[in-house]
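Inspection log for the structure reproduced underneath, given as C-alpha cells.
There are 2 protein chains.
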Amino acid sequence: MARVVVDVMLKPEILDPQGQAIAGACPRLGFEGIGQVRQGKRFEVEVEGEVDDAKIADVRRLAETLLANTVIEDFRVHVEA
Amino acid sequence: MARVVVDVMLKPEILDPQGQAIAGACPRLGFEGIGQVRQGKRFEVEVEGEVDDAKIADVRRLAETLLANTVIEDFRVHVEA
Numbered sequence: 049m050a051r052v053v054v055d056v057m058l059k060p061e062i063l064d065p066q067g068q069a070i071a072g073a074c075p076r077l078g079f080e081g082i083g084q085v086r087q088g089k090r091f092e093v094e095v096e097g098e099v100d101d102a103k104i105a106d107v108r109r110l111a112e113t114l115l116a117n118t119v120i121e122d123f124r125v126h127v128e129a
Numbered sequence: 049m050a051r052v053v054v055d056v057m058l059k060p061e062i063l064d065p066q067g068q069a070i071a072g073a074c075p076r077l078g079f080e081g082i083g084q085v086r087q088g089k090r091f092e093v094e095v096e097g098e099v100d101d102a103k104i105a106d107v108r109r110l111a112e113t114l115l116a117n118t119v120i121e122d123f124r125v126h127v128e129a
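Quick mapping for you: the protein sequence lines, in order, are chains A and B.
FYI, this note's numbering numbers position 67 of the first sequence as 115, with every residue one higher than the one before it.
FYI, this note's numbering numbers position 55 of the second sequence as 103, with every residue one higher than the one before it.
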C-alpha cells in the first residue's frame with residue numbers, strides 16, 4: 049500500500065475564525081513573533097499497488113467529490129514516502 | 049514572513065471513525081483500490097523573520113500546547129517553501 053496525502057485549506061479570501069483564535073491566543077501563552085495561523089484538514093489515503101498518474105487522478109477526483117468543498121476550499125494532492 | 053506547517057494526525061492505534069466513513073463511501077462512489085483513509089489537521093503558521101531552530105522549537109511548543117492533544121495525536125513540524 050502506498051500513501052497519498054491530500055491537504056485541504058480554506059481559500060485565502062475566506063475568513064478562518066479557528067486560525068484567528070489560535071493566533072490571538074499565542075501572545076497570552078507566551079508565543080511571540082507568530083503571524084497569521086490557518087487551520088485545514090489533512091487526509092492520508094492508502095492506495096493499492098504502485099502510485100501512478102491514474103491513481104493520483106483518482107485521489108484528485110476523490111478530493112473534489114468528498115474531501116474538499118471546492119467552493120471555499122483549495123486542495124493539494126502529493127505522495128509521501 | 050515564513051511559513052511553518054504542523055501536521056496533526058491521530059495516533060495509529062486510535063480509531064478514526066471519520067477516516068473509516070470516507071473509506072467506506074469510496075466503493076459506493078466508484079473509487080476502487082482505496083485502502084485505509086486517515087483524517088487529521090493541518091496548520092499553517094506564519095512566523096516573523098527567518099525560520100531558525102529557535103523558531104521551529106517555538107512552533108513545536110505551540111503544537112504541544114495548543115494544536116495537538118498529545119495523548120491521542122502525533123504531530124510533525126516542517127517548513128514549506
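A virtual CB, placed ideally from N, CA and C, is assigned to each residue, including glycine.
Remember, predicted model here, so these are calculated numbers, not experimental data.
Tell me whether residue i is buried or exposed, calling it buried when 16 or more other Cβ atoms sit within 10 Å of its Cβ.
{"i": "Met57(A)", "result": "buried"}
{"i": "Leu63(A)", "result": "exposed"}
{"i": "Arg86(A)", "result": "buried"}
{"i": "Leu110(A)", "result": "buried"}
Rounding to the nearest angstrom, what Cα-Cα distance links residue i and residue j in this structure?
{"i": "Lys79(B)", "j": "Asp100(A)", "result": "One point to set straight first is that residue 79(B) is Phe, not Lys, in the sequence displayed. When rounded, the distance between both Cα atoms is 15 Å."}
{"i": "Glu128(B)", "j": "Ala69(B)", "result": "30 Å"}
{"i": "Ile82(B)", "j": "Met49(A)", "result": "9 Å"}
{"i": "Arg51(A)", "j": "Gly72(B)", "result": "17 Å"}
{"i": "Leu115(B)", "j": "Pro75(A)", "result": "15 Å"}
{"i": "Gln66(A)", "j": "Val125(B)", "result": "19 Å"}
{"i": "Val119(B)", "j": "Gly88(A)", "result": "21 Å"}
{"i": "Lys103(A)", "j": "Phe123(A)", "result": "16 Å"}
{"i": "Val53(A)", "j": "Thr113(A)", "result": "16 Å"}
{"i": "Gly97(B)", "j": "Gly97(A)", "result": "43 Å"}
{"i": "Glu108(A)", "j": "Asn117(B)", "result": "At residue 108(A) the sequence reads Arg, which differs from the Glu that was named. If I take the Cα positions, the gap works out to 29 Å."}
{"i": "Val95(B)", "j": "Gln84(A)", "result": "8 Å"}
{"i": "Leu77(B)", "j": "Leu77(A)", "result": "45 Å"}
Under the three-state reduction of DSSP, which class applies to residue i: helix, strand or coil?
{"i": "Glu121(A)", "result": "strand"}
{"i": "Leu63(A)", "result": "coil"}
{"i": "Asp106(A)", "result": "helix"}
{"i": "Gly72(A)", "result": "helix"}
{"i": "Leu77(A)", "result": "coil"}
{"i": "Asp55(B)", "result": "strand"}
Relative to the C-alpha of residue i, which residue among the options is closest?
{"i": "Arg21(B)", "options": "Asp122(A), Asp55(A), Arg51(A), Ala111(A)", "result": "As shown, chain B starts at 49 and ends at 129. That puts residue 21(B) outside it, with no answer to give."}
{"i": "Val93(B)", "options": "Cys74(B), Arg76(B), Ala105(B), Val119(B)", "result": "Ala105(B)"}
{"i": "Glu121(B)", "options": "Arg51(B), Val52(B), Val107(B), Pro60(B)", "result": "Pro60(B)"}
Using DSSP's beta-bridge definition, name the partner residues of residue i.
{"i": "Ala50(A)", "result": "Val95(A)"}
{"i": "Gln87(A)", "result": "Phe91(B)"}
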